[in-house]
Amino acid sequence: MSRWLVTGAGGMLGRDMVACLERGGEAALAFTRADLDITDQAAVTATVRSCRPDIVVNCAAWTAVDEAEAHEDEALEVNGHGARLVAAACAASGARLIHISTDYVFAGDACRPYTEHDRCGPRTAYGRTKLAGERAVAELLPGSGYIVRTAWLYGAHGPSFVRTMIGLERAGKVVDVVDDQHGQPTWTMDVAGQVIALARSGAPAGVYHATSAGETTWFGLAREIFGLLGADTARVRPVASSAYPRPAPRPAYSVLGHGTWASAGIEPIPGWRLRLHQGLRAVADA
Ligand SMILES: NC(=O)c1ccc[n+]([C@@H]2O[C@H](COP(=O)([O-])OP(=O)(O)OC[C@H]3O[C@@H](n4cnc5c(N)ncnc54)[C@H](OP(=O)(O)O)[C@@H]3O)[C@@H](O)[C@H]2O)c1
Numbered sequence: 001m002s003r004w005l006v007t008g009a010g011g012m013l014g015r016d017m018v019a020c021l022e023r024g025g026e027a028a029l030a031f032t033r034a035d036l037d038i039t040d041q042a043a044v045t046a047t048v049r050s051c052r053p054d055i056v057v058n059c060a061a062w063t064a065v066d067e068a069e070a071h072e073d074e075a076l077e078v079n080g081h082g083a084r085l086v087a088a089a090c091a092a093s094g095a096r097l098i099h100i101s102t103d104y105v106f107a108g109d110a111c112r113p114y115t116e117h118d119r120c121g122p123r124t125a126y127g128r129t130k131l132a133g134e135r136a137v138a139e140l141l142p143g144s145g146y147i148v149r150t151a152w153l154y155g156a157h158g159p160s161f162v163r164t165m166i167g168l169e170r171a172g173k174v175v176d177v178v179d180d181q182h183g184q185p186t187w188t189m190d191v192a193g194q195v196i197a198l199a200r201s202g203a204p205a206g207v208y209h210a211t212s213a214g215e216t217t218w219f220g221l222a223r224e225i226f227g228l229l230g231a232d233t234a235r236v237r238p239v240a241s242s243a244y245p246r247p248a249p250r251p252a253y254s255v256l257g258h259g260t261w262a263s264a265g266i267e268p269i270p271g272w273r274l275r276l277h278q279g280l281r282a283v284a285d286a
């Protein structure tokens, strides 16, 4: 059994990360933002030193994608500088670090899945700050830093597209949903499972993509949700992204490849539709 420390443990992924660890019989030390601010160097250093974790999972992040456009420095403080502090504390203590990142580090204009080795080229402030965090982890922990990129998350705890659609369906609405952005809806419990498998495998440090297999659009996802809830799928109508202008441009194509799991001897996450059948229940019942 390893000793785990989870930052950002009050967030959507952090909460399921801790639950998954506890369910798997692991010793999990959970730190919410109130317990540990990752931008506080003294606190980060002291906490990692006194807890002596084997593995740190950094789920803490500035995740407000649109707000980051006008507040990039503040987002960078958490996503870049904070990640660097966590990595430095792990380097000093000998802990391995699993750092959660995002598809937004890519430009999002490809026409085939992004591999773990593809060139990054973020087009948003959020993506730039998350890339800064990845680079700090790779620089400070070349042999013991794992970057786990995920995307299109939904989970029992926290706002998500899936939760919004459940609410709109229950309210009897007809919804217009964008059909020109492609990605991989991913359940937080599946990301947590991959993180645990990664740590247990002794896999090489590097980049791993923890998203569901397959791909769809937000429209495709919404229609699937309405269908699973027993609603008429004609209540979900496709529209173009131009119908919903946002401060941060959304990637048209954000599908991630899953090649490096094989080198670790770990199965990637199954298809998004299969996993949604289980994950939707967890969100709807929460
Ligand atoms: N949600 C997605 O669709 C998605 C997609 C791709 C990647 N990701 C990545 O997945 C990870 C988890 O995201 P999530 O969806 O679980 O987001 P979340 O629910 O917003 O969780 C992030 C957590 O970090 C905390 N936090 C913020 N600043 C902090 C600081 N300075 N020190 C310590 N904690 C801090 C937040 O606390 P407060 O709420 O109190 O601010 C929140 O509890 C992030 O790395 C994110 O970039 C998410």
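When we follow the numbering used here, the leftmost residue of the sequence shown carries the number 1, and every step to the right adds one.
For glycine and all other residues, C-beta sits at the position ideal for the given N, C-alpha and C.
ASP176 is the residue among ASP176, ARG3, ASP37 whose C-alpha sits nearest the C-alpha of ALA234. Scanning ASP118, LEU274, ARG112 for the CA closest to the CA of LEU221 turns up LEU274. Rounded to whole angstroms, the gap between the alpha carbons of GLU215 and ALA46 is 42 Å. For a cut-off of 8 Å, the C-beta gap from ALA87 to GLY145 is around 6 Å, short enough to register as a contact. With a threshold of 16 other beta carbon atoms within 10 Å, HIS182 meets it and is buried.
Classified as buried, SER212 has 16 or more neighbouring CB atoms from the shown chains inside 10 Å of its CB. HIS99: member of the beta strand (DSSP E) spanning 96-102, first to last residue. Residue burial annotation: ALA42 is exposed, with fewer than 16 other C-beta atoms found within 10 angstroms of its C-beta. In the DSSP assignment, GLY206 is bridged to TYR146. In this structure, the alpha-carbon of ARG135 lies about 44 Å from that of ALA171. In the three-state reduction of the DSSP assignment, ASP232 falls in the coil class, being assigned neither a helical nor a strand state. In this structure, DSSP gives PHE106 a state outside helix and strand, which the three-state scheme calls coil. Within the same chain, and ignoring the five residues on either side of VAL65 in sequence, the residues whose Cβ sits closer than 6 Å to its Cβ are TYR126, ALA248. The chain-ordered list of residues whose CB is nearer than 5 Å to some heavy atom of ligand 1 reads GLY8, GLY10, GLY11, MET12, LEU13, ARG33, ASP37, ILE38, THR39, CYS59, ALA60, ALA61, THR63, VAL78, ILE100, THR102, THR150, ALA151, LEU153, GLY158.
In the structure shown, HIS258 adopts coil according to DSSP, grouped into three states.
Taking 3 residues as the shortest admissible run, the region 47-97 contains the following complete beta strand (DSSP E) segments, listed from N- to C-terminal end: 55-58. In the three-state DSSP reduction, GLY183 falls in the strand class (E or B). DSSP places THR164 in no beta strand (DSSP E) but in the uninterrupted alpha helix (DSSP H) bounded by 161-170.
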